[in-house]
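Accompanying notes for the structure given below.
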Amino acid sequence: MLEVKNLHSGYGDVEVLHDISFIVENEIFAVLGANGSGKTTLLKTLSKLLPVSSGSIAWMGDDVTQTAAFDLTGRGVAYVPQEHNVFPDLSVAENLSLGALVGERSKKERLEEVFELFPRLAERTGQLAGSLSGGEGQMLAVGRALMQDPKIIFLDEPSAGLSPMFVDILFERIANTRTNRGVAIVLAEQNALKTLEIADRVLVLSLGEMHLLKDAKNLDRNELMEAYHI
Amino acid sequence: MAYLIFSLSLLLIYIGLAQMLHVQFGLLGVPNFGVVGFWGLGMYSVGVMKVQLDMSFVDSMVLTAALVAVVSYVLGALILRLERQAILCATIAFSAIIALLAVTEKWMTMGVVGLGTIRQPFRIFGLEEILFFFFLLVLIIGVQVYLLKLHKSRLGRLMVAIRDNEELAASLGKNTFRVKIIAFTLTCTIMGVLGGLSAPLNQFLTPNMIVPSITFAVWISLVLGGKEHALGAMLGVFVTFGLFDILIETYAPVSPQFAVLVPNIKLFLYGALLVGVLVYRPKGFLGQSSKADEVLAVLGHGIAIIGSELCEAKNAISKGVDRALNGRKTEDDA
Ligand SMILES: Nc1ncnc2c1ncn2[C@@H]1O[C@H](COP(=O)(O)OP(=O)(O)O)[C@@H](O)[C@H]1O
Ligand SMILES: [Mg+2]
Chain A
1 MLEVKNLHSG YGDVEVLHDI SFIVENEIFA VLGANGSGKT TLLKTLSKLL
51 PVSSGSIAWM GDDVTQTAAF DLTGRGVAYV PQEHNVFPDL SVAENLSLGA
101 LVGERSKKER LEEVFELFPR LAERTGQLAG SLSGGEGQML AVGRALMQDP
151 KIIFLDEPSA GLSPMFVDIL FERIANTRTN RGVAIVLAEQ NALKTLEIAD
201 RVLVLSLGEM HLLKDAKNLD RNELMEAYHI
Chain B
1001 MAYLIFSLSL LLIYIGLAQM LHVQFGLLGV PNFGVVGFWG LGMYSVGVMK
1051 VQLDMSFVDS MVLTAALVAV VSYVLGALIL RLERQAILCA TIAFSAIIAL
1101 LAVTEKWMTM GVVGLGTIRQ PFRIFGLEEI LFFFFLLVLI IGVQVYLLKL
1151 HKSRLGRLMV AIRDNEELAA SLGKNTFRVK IIAFTLTCTI MGVLGGLSAP
1201 LNQFLTPNMI VPSITFAVWI SLVLGGKEHA LGAMLGVFVT FGLFDILIET
1251 YAPVSPQFAV LVPNIKLFLY GALLVGVLVY RPKGFLGQSS KADEVLAVLG
1301 HGIAIIGSEL CEAKNAISKG VDRALNGRKT EDDA
């Protein structure tokens, strides 16, 4: 589905990602790495919020290396940033309905599905998103992404700052989304052990370089540690 | 009576400007600090077309709208990708350029000599002013109805999303830059049209009408009323321009010796109101929550007004007392 070849990108003149190549199929594709290893930069580049300096990105067979971010959204790509991932001055319902700016199905139908997955959001439709707790905000951000009826979701550290109980719920819903709705997920995380429970494949970044790309099943823990600390 | 109609018409023009700023800043987060530039461009454009080219009012309004649209589109294309502070500076610079052009391009504008007379468009003897007032009233009410609808629409939500977090809004699937530049061009054009409508209101145009204090008055009105609320612009202009410039300045019962003080007292009360509102209702009369940095910025402005008015008032009082005691003019007046 998503094919990344020899990707380089960064901020202005500073190159952060060096020569990244991988393919994501319909799966949960985990991007692991320590703080500052380049996970967020990778997801932003894939969503085209950062320009590609060299290399290419193909989505569903089309070259999207130069495509604008809003255009990519129309083609079934959703992005949930690590921080500031809801619109604080809008209500829960308004945040969700903004997700429905793209896609064919009726908004009502999509809303019902999101509320089924996150019943807590249904209780708070009128509340301003800025006043939600961290966990509820994260649910809203994922909910809004699902409202876009995406084929793939780029999810940046959804567990950051959440209580372990919330992380469990959230990860269960993410795995559930993958299985029941057939949405591919690229999941950037620091929380490696939790992520390995639901991931199909794992990419480890360190200092912006690829250090490991493997099936999650036959991944040896020492191997993972080694890739992290280079 | 005629003066009241004039003041009320001006009040409507201010409401219109504040309504447009509400869309730009309140909804989209674009801090246009060059309001007077778009207004002044429209006013002078109609003035030049009517006086120098002897065009009809309707023709000059249509051409003016087109001119302001092109200018604001080009300006928007240049600045709307920049950071907010940069947009703020660029728009101030734009209005300064317009004010300068009005002085220097004498062949069109007559420079400081002034341009006139621009007659009312409705040529019904004795009713011209009042008809024009009602024309403005219908226009402003129309805009207000549209704003109330906009707030409940998808476009309105998308604008707030762009203001809150443009990067995230870009991933919603709509071209956010296009939304910004279309909205900016349209609202600036309407500011220009309001300027064009101010030309027959003022009848005689001089470059010193294009002063930054108009931009500030519109900003303060909007912030006082509640910049994010659909009715904030209207309420804000009523309590500032309406209350102070019309009610207090025109109808406050003061003896002639101290009439000279009225503008100072007015501005003093104005500053006090601004400080009071921002302390107790930081998002304006119609706002809900608060954002500390913006509040502080405007609070500073209010305190500055009070400070400068106290100094002015001190001078004015001594002048007034002097006049009352000696019954003669001071050197300053000579
Ligand atoms: N806006 C930015 N400008 C310049 N460098 C940045 C910016 N954001 C992140 N970086 C740098 O890019 C590197 C990778 O950061 P990031 O992608 O956020 O890592 P992660 O998400 O894995 O924690 C870090 O060295 C960081 O300092
Ligand atoms: Mg990150």
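So the protein sequences, as listed, match chains A and B. Just so it is clear: in the first sequence, position 183 is 183 by the numbering used here, and no numbers are missing. Heads up: take any position in the second sequence, counting from 1, add 1000, and you land on the numbering used here. All C-beta atoms in this analysis are idealised placements derived from N, C-alpha and C, irrespective of residue type, glycine included. Quantities reported herein were computed from a predicted structural model and do not represent experimental measurements.
Exercise for the section: Pick helix, strand or coil for LYS1152/B, following the three-state DSSP scheme. Expected result: If DSSP states are grouped into helix, strand and coil, LYS1152/B belongs with coil.
Exercise for the section: If I'm right that LEU1010/B touches LEU1197/B with Cβ under 8 Å, what's the distance once you round it to whole angstroms? Expected result: Actually they are not in contact, since the Cβ atoms of LEU1010/B and LEU1197/B sit about 10 Å apart, beyond 8 Å.
Problem - CA-to-CA distance, LEU1186/B to ALA1233/B, given in whole angstroms - result: Each residue's Cα considered, the two are about 17 Å apart.
Handout entry: Inside the segment 29-53 of chain A only - alpha helix (DSSP H) runs reaching at least 4 residues
Key = Assignment of alpha helix (DSSP H) within the segment 29-53 of chain A, counting only whole runs of 4 or more residues, yields 39-46 in chain order.
Problem - Amino acids of chain A, ordered along the chain, whose beta-carbon sits closer than 8 Å to that of ALA1086/B - result: Proximity of chain A to ALA1086/B at the Cβ level (cut-off 8 Å) is not reached, the minimal Cβ distance being about 17 Å.
Exercise for the section: Output yes or no for whether 7 Å exceeds the beta carbon distance between GLY1225/B and ILE1118/B. Expected result: No, these two residues do not count as a Cβ contact at 7 Å.
Practice task
Within its chain, find whatever has a CB closer than 6 Å to the CB of GLU209/A; leave out the 5 residues flanking it on each side and keep chain order.
Solution key: So the list reads HIS18, once near-sequence residues are dropped.
Problem - Positions along the segment 1029-1059 of chain B whose CB lies within less than 9 Å of some CB in chain A - result: So the list is empty, because no residue satisfies the distance condition.
Problem - In DSSP terms, what TRP1107/B is bridged to - result: Per DSSP, none; premise fails for TRP1107/B.
Problem - Identified DSSP bridge partners for ASN223/A - result: Reading off the sequence shown, one finds Glu at residue 223/A, where the question assumed Asn. Bridge partners of GLU223/A: none, in fact.
Exercise for the section: Reducing DSSP to helix, strand and coil, say where HIS211/A ends up. Expected result: Of the three classes helix, strand and coil, the one that applies to HIS211/A here is strand, per DSSP.
Handout entry: Cβ shell of GLN231/A (< 7 Å), same chain only, five flanking positions each side left out
Key = Lying before the first or after the last residue shown, residue 231/A is absent from chain A, which here runs from 1 to 230.
Problem - Check: VAL80/A C-beta below 6 Å from any heavy atom of ligand 1 - result: Flag unset: Cβ of VAL80/A not near ligand 1.
Exercise for the section: Give me whichever residues DSSP pairs with TYR79/A in a beta bridge. Expected result: PHE154/A, per the DSSP bridge assignment.
Practice task
Answer yes or no: do LEU1274/B and HIS1229/B have a C-beta to C-beta separation smaller than 7 Å?
Solution key: At the C-beta level, LEU1274/B and HIS1229/B stay beyond 7 Å of one another.
Handout entry: Distance CB(LEU32/A)-CB(ALA184/A) smaller than 7 Å
Key = No, these two residues do not count as a Cβ contact at 7 Å.
Handout entry: DSSP beta-bridge partners of HIS8/A
Key = DSSP output for HIS8/A lists SER54/A as bridge partner(s).
Exercise for the section: Examine ligand 2 and report whether any of its heavy atoms sits within less than 6 Å of the Cβ of THR40/A. Expected result: Distances from the CB of THR40/A to the heavy atoms of ligand 2 include at least one below 6 Å.
Handout entry: the segment 153-171 of chain A touching the segment 134-142 of chain A, judged by at least three CB pairs closer than 8 Å
Key = The segment 153-171 of chain A, when compared against the segment 134-142 of chain A, does touch it at the 8 Å Cβ threshold.
Practice task
Just the chain B side, please: which residues come within less than 7 Å of TYR11/A by C-beta, in chain order?
Solution key: What TYR11/A touches in chain B: nothing, since even the nearest Cβ is about 13 Å away.
Problem - Proximity test, VAL202/A beta-carbon vs ligand 1 heavy atom, cut-off 6 Å - result: Relative to ligand 1, the beta carbon of VAL202/A is positioned no closer than 6 Å to any heavy atom.
Problem - Pairwise C-alpha distance: VAL1051/B and GLY1195/B - result: Going by the C-alpha atoms only, they are around 16 Å apart.
Exercise for the section: Could you name each continuous alpha helix (DSSP H) segment of 4 residues or more that falls completely within the segment 73-147 of chain A, going from the start of the chain to the end? Expected result: Every alpha helix (DSSP H) of 4 residues or more that sits fully in the segment 73-147 of chain A is shown, in chain order, as 92-99, 107-117, 119-122, 134-147.
Practice task
Please confirm if ALA1334/B has its CB atom under 7 Å from at least one CB of chain A.
Solution key: Note that ALA1334/B scores 42 on pLDDT, short of 50, meaning its location in the model is unreliable; the coordinates nonetheless yield the value given after this. It does not; no Cβ of chain A falls within 7 Å.
Exercise for the section: Output yes if chain A places a C-beta closer than 7 Å to the C-beta of LEU1172/B; else output no. Expected result: Judged by the 7 Å Cβ criterion, LEU1172/B is in contact with chain A.
Exercise for the section: Give a yes or no on whether the minimum CB-CB distance between ALA1161/B and chain A is below 7 Å. Expected result: Yes, ALA1161/B lies at the interface with chain A (some Cβ there is under 7 Å from its Cβ).
Practice task
Consider the Cβ of ALA69/A: report whether some Cβ of chain B lies at a distance smaller than 7 Å.
Solution key: Yes, its Cβ sits closer than 7 Å to a Cβ of chain B.
Problem - Closest by C-alpha distance to HIS8/A, when choosing among HIS229/A, THR65/A, ASN180/A, ALA30/A - result: When each option's Cα is compared against that of HIS8/A, the closest is THR65/A.
Practice task
Examine ligand 1 and report whether any of its heavy atoms sits within less than 6 Å of the Cβ of SER37/A.
Solution key: At least one heavy atom of ligand 1 lies closer than 6 Å to the C-beta of SER37/A.
Problem - Three-state class that DSSP yields for HIS1229/B in the structure shown - result: DSSP places HIS1229/B in coil when its eight states are reduced to three.
Handout entry: Inter-residue Cα distance where the pair is ARG124/A and ALA188/A
Key = If I take the Cα positions, the gap works out to 28 Å.
Practice task
Give the straight-line distance between the Cα atoms of VAL1071/B and VAL114/A, rounded to the nearest whole angstrom.
Solution key: Annotation: VAL1071/B to VAL114/A spans about 45 Å, alpha carbon to alpha carbon.
Exercise for the section: Please report the residue range of the alpha helix (DSSP H) in which LEU1168/B lies. Expected result: Looking at the DSSP string, the run of the alpha helix (DSSP H) that includes LEU1168/B is 1166-1170.
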